[in-house]
Structure formats: C-alpha cells, structure tokens
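Numbering (the working numbering), first residue to last: 15 to 362. What follows is a set of notes on a single structure, which appears directly below.
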Amino acid sequence: MIPAGALEDAEALEAGDRGGMLRLVASGAAQLRQSARLAEEAGLAEALRGAGRPRAVVVAGPGNAGEVVAAVCGLGCPVPVLTVTGRRLPGWVGVADLVFALGDEAFDLAEQAARRGASVVGVGPAEARLAQLAVQSRSLYLPVPSGGPVRALLWAQVVPMLLVLRGLRLVSLPDEVLESTAVLLEDLIHRCRPSGEPFLNPGKQPALELAGGLPMPWGETPLELAAAARFAAQLGDNAKLPSAVPQLGALDRGPGGDPDDFFRDRGDEEESGTHLVIFVEERPSPVAEVARARGVPVTEIRSEGGHPLERVASLIVICDYVSVYLALALGVDPTPVPARAELEARIS
C-alpha cells in the first residue's frame with residue numbers, strides 16, 4: 015500500500031530516484047530536437063536522394079520504438095512497418111526491404127540484413143559497434159543522444175526513423191510538427207514535475223489510483239495500442255510490477271458495487287484486483303463503462319494535439335511519468351532492472 019503523502023515531497027522523490035529516471039523522462043523534448051539535428055548533420059537528405067520505396071520496413075531491436083513509428087505512420091502507410099526482436103530476421107527479409115537496427119542490441123540482426131542485401135539504417139550512440147558495421151557495409155548510420163538505459167531514449171530512436179520514412183514519402187511529418195510536438199512535451203513535462211501537487215499532477219494522480227491494483231493497459235487504435243504496450247513495458251521495468259493482458263472477460267472478476275459510492279464497504283474488495291487503464295486518442299471507449307458497471311476501477315489517459323506524433327507523444331510521456339512515480343511511491347529505484355542484467359549476463 016502506498017503511504018499517504020508518498021508523492022508530495024519533491025526532494026524525497028528525487029532522492030529516491032537514484033538513477034535519475036525522472037530527469038530522463040523530462041528529456042523527451044530535448045531528445046526530439048537533438049536527434050533531428052543529428053540526423054541532418056549525418057547527411058540524411060543526401061543519403062536518401064533518389065532512394066525508392068521499400069517493400070517493407072523492419073525495425074530490429076528491443077523496446078517500443080518500432081510500434082510507435084508504425085502507429086505514427088498509420089493504417090494508410092503504403093508499406094508494412096514491422097518490429098523484430100530476438101536474434102534472427104524473418105526469412106523473407108531481403109534486398110527489397112529497409113531494416114532499422116536500433117543500437118548494439120540489434121547488431122546480429124543488422125549483420126544478417128546486410129548479408130541479405132537489405133537497406134540497413136543504424137540508429138544508436140556514436141560509439142556503438144553498430145556504427146563500425148555501418149561503415150563496413152556502406153550503410154547509413156544516424157547517431158542519437160546517449161546516456162541512460164535504452165528505454166529512456168525512446169524519442170531519440172523514433173525521430174530519426176520517422177525522418178527517414180518522411181524522406182521516402184511514407185509518412186507526412188512537417189518540420190512544424192516536430193517542433194509543436196517538442197513544445198507539447200515541454201508543457202506536459204512541466205505539468206508532471208516532481209514539485210506538482212499530486213491531485214493536480216497528471217503523472218502522480220494515476221500512480222496513486224493504481225496503488226494496490228493490477229493495471230490492465232487498454233487501447234484500440236494503433237496509437238492507443240502503442241501507448242498501452244509502452245505502459246506495460248514501463249510498469250515492468252520502472253515499477254517492477256506486472257500488468258494484465260487486456261481481456262474483456264477479466265473484467266467480470268471485478269469487486270462489484272458502485273465504484274462511485276465513497277461510503278461503500280471496501281473491506282471485502284480485493285486489493286490486487288484489476289484496474290483498467292484506458293488510453294484515449296479521440297473518443298472514450300465503451301469498455302470503460304463496461305468496467306465501471308462491474309465495479310472495476312478505471313483510469314483514463316487522454317491524448318493531446320492534432321498530428322499522430324503529438325497524440326502518441328502526449329500519451330507516452332504521461333504513462334512514463336506514472337510508471338516512475340508509482341515506483342518511487344513504492345520505494346523502488348526505477349532505473350536498474352536486475353532481472354534483465356542477470357539474463358544478459360547468462361546469455362552473453
């Protein structure tokens with residue numbers, strides 16, 4: 015159970031955040047602007063001159079960047095945008111395809127793509143091994159700002175890929191939208207600042223609501239689904255908490271009773287019951303009312319902005335803050351993920 019006042023003291027929050035995850039989440043706007051500038055300085059426009067449309071776009075590497083890029087491209091994108099993890103590319107990837115390799119975690123996949131003759135674009139820190147592979151294979155490499163775990167550098171990965179796809183005429187992304195997205199992120203970051211009052215803070219309030227429950231992230235549109243997947247991943251990595259797979263049938267195990275009845279007897283309610291977290295891009299989902307009718311608590315996170323990049327960025331920055339504040343309220347350092355470090359050590 016989260017103690018009362020756990021999210022009120024900004025100094026205590028920052029002291030508990032030993033790895034600086036709050037600072038990294040607050041760097042989203044800076045990541046967006048800096049990665050766009052670095053891509054321009056790397057000669058992106060010249061590299062794409064005369065390039066044709068690929069058969070498919072494959073995003074190779076861990077994390078949610080590929081899902082976010084696919085959501086921004088939308089259902090109208092003329093080619094599929096797919097994410098691949100693990101150590102092997104699908105057998106169909108070949109010379110007609112474009113493969114984004116995200117950092118050294120995707121090194122093996124980038125090597126496979128280069129051997130098959132696919133167009134490879136590396137995205138990662140300037141000092142990564144992947145940068146040397148790009149030189150050897152005469153591939154494009156787009157350096158990004160470094161510092162912190164990969165999951166905290168989402169926009170540093172997403173923006174270069176979107177700029178490449180813009181150059182290939184696969185997504186509409188005016189420069190004005192990049193800047194308006196950065197401005198929107200700055201505004202949301204200010205609203206979610208550690209010194210903000212918990213019940214007025216869009217990052218702290220949902221964290222308090224989720225205390226003691228099993229979050230079930232829910233989305234329906236591509237942007238909502240991308241945000242829901244990001245939230246599930248961040249809950250695990252930052253707050254060290256599981257999340258429920260979104261299933262309508264699971265709502266039938268709600269505690270019952272009127273969730274809006276403040277004076278109802280909560281003694282028999284399950285503390286670890288499902289808590290629906292709905293990401294709303296345009297209109298509220300009727301699933302929220304289905305859940306409330308069964309006594310399942312519901313938290314809605316609504317998007318802001320007009321362009322798909324603005325909308326998905328507004329959803330993701332909130333869910334990132336929620337996961338970090340939830341971790342800090344539970345007394346957990348959100349930055350290290352010991353289970354992942356142990357796994358990597360075992361398979362290296």
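Idealized CB from N, CA, C, for every residue including glycine.
Span of the alpha helix (DSSP H) around residue i
i	result
residue 86	79-87
residue 21	That residue, residue 21, is in no alpha helix (DSSP H); it is neither H nor E in DSSP.
residue 232	From DSSP, residue 232 is part of no alpha helix (DSSP H) but of the beta strand (DSSP E) over 228-232.
residue 65	Looking at the DSSP string, residue 65 is not in any alpha helix (DSSP H), and its letter there is neither H nor E.
residue 306	301-307
residue 40	First-last for residue 40: undefined, no H or E at that position.
residue 250	236-251
residue 328	322-343
residue 360	352-361
residue 222	218-223
Residue i versus residue j - alpha carbon distance
i	j	result
residue 296	residue 151	44 Å
residue 344	residue 49	33 Å
residue 163	residue 120	15 Å
residue 35	residue 249	13 Å
residue 239	residue 139	28 Å
residue 73	residue 115	6 Å
residue 58	residue 156	8 Å
residue 89	residue 186	13 Å
residue 216	residue 223	11 Å
residue 196	residue 328	10 Å
residue 30	residue 160	23 Å
residue 82	residue 332	15 Å
residue 147	residue 130	14 Å
residue 91	residue 182	11 Å
residue 273	residue 312	Here the model assigns residue 273 a pLDDT of 48, short of 50, so the residue's position is not dependable, and the following value carries that caveat. Roughly 9 Å between the two C-alpha positions.
residue 221	residue 336	5 Å
residue 321	residue 20	36 Å
residue 105	residue 124	14 Å
residue 339	residue 166	15 Å
residue 94	residue 39	29 Å
residue 33	residue 66	43 Å
residue 199	residue 143	31 Å
residue 237	residue 351	27 Å
residue 241	residue 326	7 Å
residue 316	residue 302	13 Å
residue 63	residue 75	26 Å
residue 145	residue 101	19 Å
residue 319	residue 256	30 Å
residue 324	residue 153	30 Å
residue 209	residue 306	32 Å
residue 342	residue 26	9 Å
residue 193	residue 252	28 Å
residue 8	residue 300	Given a span of 15 to 362 for the chain in the structure shown, any question on residue 8 remains unanswerable.
residue 219	residue 16	12 Å
residue 97	residue 80	5 Å
residue 179	residue 267	44 Å
residue 134	residue 206	37 Å
residue 174	residue 287	40 Å
residue 44	residue 37	11 Å
residue 70	residue 234	24 Å
Buried versus exposed call for residue i [16 or more other C-beta atoms within 10 Å across all chains shown]
i	result
residue 293	buried
residue 99	exposed
residue 330	buried
residue 184	buried
residue 51	exposed
residue 361	exposed
residue 109	exposed
residue 158	buried
residue 126	buried
residue 213	exposed
residue 261	exposed
residue 23	exposed
residue 357	exposed
residue 118	buried
residue 284	Summary for residue 284: the model assigns pLDDT 47, below 50, so the residue's position carries little reliability, and this model does not support an answer.
residue 353	exposed
residue 244	buried
residue 111	buried
residue 189	exposed
residue 263	exposed
Opposing strand residues paired with residue i [DSSP bridges]
i	result
residue 157	138
residue 314	292
residue 114	73, 135
residue 98	74
query: Which runs of the alpha helix (DSSP H) fall wholly inside the segment 119-151 and span at least 4 residues, in chain order?
result: List check, alpha helix (DSSP H) in window: 121-129, 143-151.
Ranges of the alpha helix (DSSP H) found wholly within the segment 182-210, counting only runs of at least 4: Entirely contained in the segment 182-210, the alpha helix (DSSP H) runs reaching 4 residues are, in chain order, 189-205.
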